[in-house]
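**Student:** Going line by line, the protein sequences match chains U and A.
All residue numbers for the first sequence refer to UniProt numbering, where the first residue is 1 and numbers rise by one.
All residue numbers for the second sequence refer to UniProt numbering, where the first residue is 1 and numbers rise by one.
Protein chains: 2
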Amino acid sequence: MKAPTLADVARRAGVSYATADRVVNARGGVADARADRVRQAIADLGYVRNVAAANLSQGRVYRFVFVIPTGTNAFFLHLRMILGAVAPRLRLERTELRIEDVAAFDAPSLVAVLRALALSPPDGIALVGIDSPEVAAAVADLTAAGVAVVTLVSDMPDSARHAYVGIDNCSAGRTAARLMGLAHARGPGRVLPVLGSLSARDHRERLAGFRAILAQDFPQIALLPEFEGRDRAELVEQAVERLFDRGEAISGIYSLGAGNSGLARALARFEGTDRRPVVIVHELTPRTREALGSGNFDVVIDQRPGAEIALALATMRQISDRLPAAPIRPIIPAIIFQDNMPEPEDSALPEAAGLDHTTAPPGRQGGLT
Amino acid sequence: MKAPTLADVARRAGVSYATADRVVNARGGVADARADRVRQAIADLGYVRNVAAANLSQGRVYRFVFVIPTGTNAFFLHLRMILGAVAPRLRLERTELRIEDVAAFDAPSLVAVLRALALSPPDGIALVGIDSPEVAAAVADLTAAGVAVVTLVSDMPDSARHAYVGIDNCSAGRTAARLMGLAHARGPGRVLPVLGSLSARDHRERLAGFRAILAQDFPQIALLPEFEGRDRAELVEQAVERLFDRGEAISGIYSLGAGNSGLARALARFEGTDRRPVVIVHELTPRTREALGSGNFDVVIDQRPGAEIALALATMRQISDRLPAAPIRPIIPAIIFQDNMPEPEDSALPEAAGLDHTTAPPGRQGGLT
DNA sequence: GCCAAAATGATTGACGTCTATCAATTCCAT
DNA sequence: ATGGAATTGATAGACGTCAATCATTTTGGC
Numbered sequence: 001m002k003a004p005t006l007a008d009v010a011r012r013a014g015v016s017y018a019t020a021d022r023v024v025n026a027r028g029g030v031a032d033a034r035a036d037r038v039r040q041a042i043a044d045l046g047y048v049r050n051v052a053a054a055n056l057s058q059g060r061v062y063r064f065v066f067v068i069p070t071g072t073n074a075f076f077l078h079l080r081m082i083l084g085a086v087a088p089r090l091r092l093e094r095t096e097l098r099i100e101d102v103a104a105f106d107a108p109s110l111v112a113v114l115r116a117l118a119l120s121p122p123d124g125i126a127l128v129g130i131d132s133p134e135v136a137a138a139v140a141d142l143t144a145a146g147v148a149v150v151t152l153v154s155d156m157p158d159s160a161r162h163a164y165v166g167i168d169n170c171s172a173g174r175t176a177a178r179l180m181g182l183a184h185a186r187g188p189g190r191v192l193p194v195l196g197s198l199s200a201r202d203h204r205e206r207l208a209g210f211r212a213i214l215a216q217d218f219p220q221i222a223l224l225p226e227f228e229g230r231d232r233a234e235l236v237e238q239a240v241e242r243l244f245d246r247g248e249a250i251s252g253i254y255s256l257g258a259g260n261s262g263l264a265r266a267l268a269r270f271e272g273t274d275r276r277p278v279v280i281v282h283e284l285t286p287r288t289r290e291a292l293g294s295g296n297f298d299v300v301i302d303q304r305p306g307a308e309i310a311l312a313l314a315t316m317r318q319i320s321d322r323l324p325a326a327p328i329r330p331i332i333p334a335i336i337f338q339d340n341m342p343e344p345e346d347s348a349l350p351e352a353a354g355l356d357h358t359t360a361p362p363g364r365q366g367g368l369t
Numbered sequence: 001m002k003a004p005t006l007a008d009v010a011r012r013a014g015v016s017y018a019t020a021d022r023v024v025n026a027r028g029g030v031a032d033a034r035a036d037r038v039r040q041a042i043a044d045l046g047y048v049r050n051v052a053a054a055n056l057s058q059g060r061v062y063r064f065v066f067v068i069p070t071g072t073n074a075f076f077l078h079l080r081m082i083l084g085a086v087a088p089r090l091r092l093e094r095t096e097l098r099i100e101d102v103a104a105f106d107a108p109s110l111v112a113v114l115r116a117l118a119l120s121p122p123d124g125i126a127l128v129g130i131d132s133p134e135v136a137a138a139v140a141d142l143t144a145a146g147v148a149v150v151t152l153v154s155d156m157p158d159s160a161r162h163a164y165v166g167i168d169n170c171s172a173g174r175t176a177a178r179l180m181g182l183a184h185a186r187g188p189g190r191v192l193p194v195l196g197s198l199s200a201r202d203h204r205e206r207l208a209g210f211r212a213i214l215a216q217d218f219p220q221i222a223l224l225p226e227f228e229g230r231d232r233a234e235l236v237e238q239a240v241e242r243l244f245d246r247g248e249a250i251s252g253i254y255s256l257g258a259g260n261s262g263l264a265r266a267l268a269r270f271e272g273t274d275r276r277p278v279v280i281v282h283e284l285t286p287r288t289r290e291a292l293g294s295g296n297f298d299v300v301i302d303q304r305p306g307a308e309i310a311l312a313l314a315t316m317r318q319i320s321d322r323l324p325a326a327p328i329r330p331i332i333p334a335i336i337f338q339d340n341m342p343e344p345e346d347s348a349l350p351e352a353a354g355l356d357h358t359t360a361p362p363g364r365q366g367g368l369t
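1. Where does His-282 (chain A) sit, in a helix, a strand or coil, going by DSSP?
2. So what's Arg-63 (chain A) in DSSP terms, helix, strand or just coil?
3. Using a Cβ-Cβ cut-off of less than 7 angstroms, list which residues of the stretch 256-282 of chain A approach chain U; keep chain order.
4. Could you spell out the range, first to last residue, of the alpha helix (DSSP H) harbouring Ser-109 (chain U)?
5. Does any residue of chain A have a CB that is nearer than 7 angstroms to the CB of Asn-296 (chain U)?
6. From Ala-31 (chain U) to Val-38 (chain U), what does the alpha carbon distance come to, in whole angstroms?
7. Mind listing which residues of the stretch 205-237 of chain A have their C-beta closer than 7 angstroms to chain U's C-betas, in chain order?
8. Using 8 angstroms as the Cβ pair cut-off and three pairs as the minimum, do the stretch 70-89 of chain A and the stretch 278-287 of chain A touch?
9. Comparing the C-beta of Phe-64 (chain A) with each C-beta of chain U, is any distance below 7 angstroms?
10. Taking only beta-carbon atoms, is Arg-12 (chain A) less than 7 angstroms away from chain U?
11. If we count the other Cβ atoms within 10 Å of its Cβ and call it buried at 16 or more, is Glu-205 (chain U) buried or exposed?
12. Check this for me: beta carbons of Val-299 (chain U) and Ala-266 (chain U), under 7 angstroms apart or not?
13. Just to confirm, is the Cβ distance from Pro-330 (chain U) to Ile-167 (chain U) under 7 angstroms?
14. I need the DSSP call for Val-24 (chain U), collapsed to helix, strand or coil.
15. Measure the CB-CB distance between Ala-172 (chain U) and Ile-335 (chain U) and report whether it falls below 7 angstroms.
16. Using DSSP with H/G/I as helix, E/B as strand and the rest coil, what is residue 375 (chain U)?
17. Give me, in chain order, the residues of the same chain whose beta-carbon lies closer than 7 angstroms to that of Leu-179 (chain A); leave out the 5 immediate sequence neighbours on both sides.
18. Tell me the DSSP secondary structure of Ser-261 (chain U) in three-state form.
19. When burial is assigned at 16 or more other CB atoms within 10 Å of the CB, is Glu-234 (chain A) buried or exposed?
20. 7 angstroms is my cut-off, CB to CB: does Val-48 (chain U) come that close to chain A?
21. Any C-beta of chain U sitting closer than 7 angstroms to the C-beta of Leu-56 (chain A)?
22. Is it buried or exposed for residue 370 (chain A), if we count other Cβ within 10 angstroms and need 16 for buried?
23. Under 8 angstroms: do the stretch 258-272 of chain U and the stretch 182-193 of chain U share three or more Cβ pairs, one atom per stretch?
24. Verify whether the separation of the beta carbon atoms of Ser-159 (chain U) and Val-139 (chain U) is less than 7 angstroms.
25. Can you tell which of U:Arg-98, U:Tyr-62 and U:Gln-58 has the C-alpha that lies nearest to the C-alpha of Ile-68 (chain U)?
26. Any idea if Gln-58 (chain U) is buried or exposed, counting beta-carbon neighbours within 10 angstroms, 16 or more meaning buried?
27. Closer than 7 angstroms, CB to CB, is Arg-37 (chain A) near chain U or not?
28. Taking 7 angstroms as the CB-CB cut-off, is His-357 (chain A) touching chain U?
29. By how many angstroms is the C-alpha of Val-23 (chain U) removed from the C-alpha of Pro-4 (chain U)?
30. What does Leu-142 (chain U) touch in chain A if you count any residue whose Cβ is under 7 angstroms from its own?
31. Between the alpha carbons of Val-15 (chain U) and Ala-52 (chain U), how many angstroms are there, rounded?
32. Take the Cβ of Pro-108 (chain U) as the centre, count every other Cβ of all protein chains shown within 10 Å, and call the residue buried at 16 or more, exposed below.
33. Give the secondary structure of Tyr-47 (chain U) by DSSP, where H, G and I count as helix, E and B as strand, and everything else as coil.
34. Grab me the residues of Gln-220 (chain U)'s own chain with a C-beta within less than 6 angstroms of its C-beta, minus the 5 sequence neighbours each way, in chain order.
35. So, with DSSP's three-state summary, where would you put Arg-98 (chain U)?
36. Ala-183 (chain U) touches chain A at which residues, Cβ-Cβ below 9 angstroms?
Structure, rendered in structure tokens:
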């Protein structure tokens, strides 16, 4: 009735414990015939190695690295903040977190970081994907070396990464289009897409999804040419200002990258009027929160970085533990209006929960006499 | 540099290992002065008991029970399905799941189930809350007996439950109102709320949130009296049919409970016309999926039962492990249009991930020779 | 049939906690 | 002071795995 141990496997396979151990831990030096018998016994018994016992025996510590772009991008700053907040808690679970900096949108420097990490490989690496053969090659080397590699936020489907943790960006773009269409009700309009860089897969996919639904279901809405703002607030601000100054009739803005504080500034001119365009942006940050609250933005599509980090960690741990892989589903983004803003994630006061379970409850055996 | 063990604590407190053990496991028979010294040493060293080692030593199996309402309610059927799907995987992690049936909206039978469970108490219980003093009393007895109790879907804030796992229903109602308002653009309208029962806290809260935002931001939308459909499709269908037959001008329907297949049938009469009201419902089920896809519903607010189950399990495990309680944040509901429907959760084919990590990768020590 | 190389078996000591038992000490009321 | 109770200490085995060592057997080439 209880779970089979490796000793059971060895017995069933008719080999010694030592041989079974050599097979499951890939130590080599086992004849094929024997190894197959062990594998068969594992399958027959449904043996799953007891990770707790394994970790206990070798005093294992999980070492995970998050490679995060530098710069003033509010989303990545938020990501760093959350990582900093969960790190102490994770240490209790024998997990060490490290953040490696990398220049944004920069394949060569990402490759350099990955190559450096390969020298003393951690157990897992989470990185923001960049479409580039060199990065893919570095990833392949890491996975070959037994490192769990997970792409975060933006995927690299053609690489050897074990899993992608993030939202379905195409679907997010379609959702934005649907909301934009809803808000235009039955009237016509002209919509401006603002993005960071077409070289980023996530931005490309969002734009494609947005376009597809607008074209399909909302023919009365015209699409202006997209603006590439490199995720930099001042560039976005200038560009939007210029359009307004030229008197362009803009009924909606879909900002699918970062740099939204610039957008908020550019929209200040509509304060108090009812002529502000419908504004849909990505990522809940202090700035976008504020703009939502004050009624300057309408919708925020948030990829829930906290959930992403949790899933990335769980995935890396699962791969490191060599457990049968659970299917990874995309993160479901939160669609946020001024009415359903969640608490900021840094308001995580452990004791605020008001409960402390660190001493045994009065269970079967009595307390004091 | 490594984590302190209980032996370290004992040494620091100047007591024997046995005494320290008696303190952390509440076995009793320790003089106050000594116990305090042990507790002080624990605090000084930041000792956290090694759960893996503890579970290993006693061959521990977590026993968790989900108490789920019976009936044809599609949401709860879905919840049961997901529980069935995760159960085998959890068994690998020494966790046993059981489902207990209970009549819906029925406090006495919930109390009976809880009392029965108390006879051989599991490690954790997740239940759908019902506001009733008797239920609260039963919950208090369970928590006093050391059982981790979590409310699911609908909370009981005044009970002794350890945590609530579910969405912020008030916020969800506000979100529905915002979407309804958006879809009404600047035109007037009349909106019908359909709910299961005002005795259910979650339904009450959604309705309150919905009302508040409509009143505050959309004065041009009139609110019809709400209909209580007991979550039963045929009742909902009849009631809505009757209203339409009477020629009521209805521009929007907010269905905040179950029974949406009845609603979909009642809306069939608008097929092909553009006079269908705006329809916002809760919970993604096969029926609401279909209605979204065919364009009969506009928005589904889904409380993501899979995420709820995962969080409930994690919470119960954490409480059972007597770890410092992490703050529990509400589940963020998914807002779903026809454009961003996620894969059904039962499409979870473990092997579909295409990866199997059950054998050691070629790590530090070489493979075959 | 011999030798080296390869494969296999047997065994042991961690890892940190829990449970249990038994011996030794302290405390307190009389 | 004495006896009984309460408290404390010491220790050992179990849990399942990993890493390591050493002894033994089998294999393959000649």
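For each residue, glycine too, the CB sits at the ideal point set by N, CA and C.
In this text the structure is predicted, and so the values were computed from the model without any measurement.
**Tutor:** Judging by the given coordinates:
1. Taking the first residue of the second sequence as position 1, residue 282 (chain A) is located at position 282. Looking at His-282 (chain A) - three-state DSSP - the assignment turns out to be strand.
2. Here the question's residue 63 (chain A) lines up with position 63 in the second sequence. In this structure, Arg-63 (chain A) counts as strand in the three-state DSSP scheme.
3. none
4. Start at 1 with the first residue of the first sequence, and residue 109 (chain U) comes out as number 109. Taken as a continuous stretch (DSSP letters only), the alpha helix (DSSP H) holding Ser-109 (chain U) covers 107-119.
5. Taking the first residue of the first sequence as position 1, residue 296 (chain U) is located at position 296. Not an interface residue.
6. Mapped onto the first sequence, residue 31 (chain U) falls at position 31. Mapped onto the first sequence, residue 38 (chain U) falls at position 38. Ala-31 (chain U) and Val-38 (chain U): Cα-Cα distance of roughly 11 angstroms.
7. Ile-213
8. yes
9. Locating residue 64 (chain A) in the second sequence gives position 64, counting from the first residue. No - not a single Cβ of chain U is within 7 angstroms of the one on Phe-64 (chain A).
10. Mapped onto the second sequence, residue 12 (chain A) falls at position 12. False, the Cβ-Cβ gap to chain U never drops below 7 angstroms.
11. As a first step, residue 205 (chain U) is located in the first sequence; it is residue number 205 there, counting from the start. By the neighbour-count rule (16 or more Cβ atoms within 10 Å), Glu-205 (chain U) is buried.
12. For the purposes of this step, residue 299 (chain U) is taken as the residue at position 299 of the first sequence. For the purposes of this step, residue 266 (chain U) is taken as the residue at position 266 of the first sequence. No, these two residues do not count as a Cβ contact at 7 angstroms.
13. Against the first sequence, residue 330 (chain U) aligns to sequence position 330. Against the first sequence, residue 167 (chain U) aligns to sequence position 167. Against a cut-off of 7 angstroms, the Cβ pair of Ile-167 (chain U) and Pro-330 (chain U) comes out as a contact.
14. Walking along the first sequence from the start, residue 24 (chain U) turns up at place 24. Here Val-24 (chain U) sits in helix by DSSP.
15. The residue labelled residue 172 (chain U) in the question sits at position 172 within the first sequence. The residue labelled residue 335 (chain U) in the question sits at position 335 within the first sequence. Not in contact: Ala-172 (chain U) and Ile-335 (chain U) (Cβ atoms no closer than 7 angstroms).
16. There is simply no residue 375 (chain U) to check, as chain U begins at 1 and stops at 369 in what is shown.
17. Residue numbering aside, residue 179 (chain A) sits at position 179 when the second sequence is read from its first letter. Excluding positions up to five away in sequence, the list reads Ile-280 and Val-299.
18. One-based indexing of the first sequence puts residue 261 (chain U) at position 261. The answer is helix: DSSP assigns Ser-261 (chain U) an H, G or I state.
19. Along the second sequence, read from residue 1 onward, the residue named residue 234 (chain A) stands at position 234. It counts as exposed.
20. Here residue 48 (chain U) is taken as the residue at index 48 of the first sequence, counted from 1. At least one chain A Cβ lies under 7 angstroms of Val-48 (chain U).
21. As a working mapping, residue 56 (chain A) is identified with position 56 in the second sequence. Yes, because at least one Cβ of chain U sits closer than 7 angstroms to the Cβ of Leu-56 (chain A).
22. This structure gives no information on residue 370 (chain A), because the portion of chain A shown stretches from 1 to 369.
23. no
24. Counting from one through the first sequence, the residue named residue 159 (chain U) turns up at place 159. Counting from one through the first sequence, the residue named residue 139 (chain U) turns up at place 139. Using a Cβ distance threshold of 7 angstroms, Ser-159 (chain U) and Val-139 (chain U) count as a contacting pair.
25. As a first step, residue 68 (chain U) is located in the first sequence; it is residue number 68 there, counting from the start. Looking at the Cα atoms, U:Arg-98 is the closest of the given residues.
26. Mapped onto the first sequence, residue 58 (chain U) falls at position 58. By the neighbour-count rule (16 or more Cβ atoms within 10 Å), Gln-58 (chain U) is not buried but exposed.
27. Indexing the second sequence from 1 puts residue 37 (chain A) at position 37. Judged by the 7 angstroms Cβ criterion, Arg-37 (chain A) is not in contact with chain U.
28. Here the question's residue 357 (chain A) lines up with position 357 in the second sequence. Note on His-357 (chain A): pLDDT 48, under 50, position unreliable in the model; the coordinate value appears next. Output row for His-357 (chain A): interface = yes.
29. In the first sequence, counting from the first residue as 1, residue 4 (chain U) sits at position 4. In the first sequence, counting from the first residue as 1, residue 23 (chain U) sits at position 23. Approximately 16 angstroms, taken between the alpha carbons.
30. For the purposes of this step, residue 142 (chain U) is taken as residue 142 along the first sequence, with counting starting at 1. Under the 7 angstroms cutoff, chain A gives no residues; its nearest Cβ is about 11 angstroms from Leu-142 (chain U).
31. As a working note, residue 15 (chain U) is residue 15 in the first sequence. As a working note, residue 52 (chain U) is residue 52 in the first sequence. Each residue's alpha carbon lies about 24 angstroms from the other.
32. Counting from 1 along the first sequence, the entry for residue 108 (chain U) is found at position 108. Flag for Pro-108 (chain U) reads exposed.
33. Within the first sequence, the letter at position 47 stands for residue 47 (chain U). In the structure shown, Tyr-47 (chain U) sits in coil (DSSP, three-state: anything other than H, G, I, E or B).
34. What you label residue 220 (chain U) is simply residue 220 of the first sequence in a count that begins at 1. Contacts found: Pro-188.
35. Position 98 of the first sequence, counted from the first residue, corresponds to residue 98 (chain U). DSSP places Arg-98 (chain U) in strand when its eight states are reduced to three.
36. As a position in the first sequence, residue 183 (chain U) is number 183, starting the count at 1. Simply Leu-182, Ala-183 and Ala-185.
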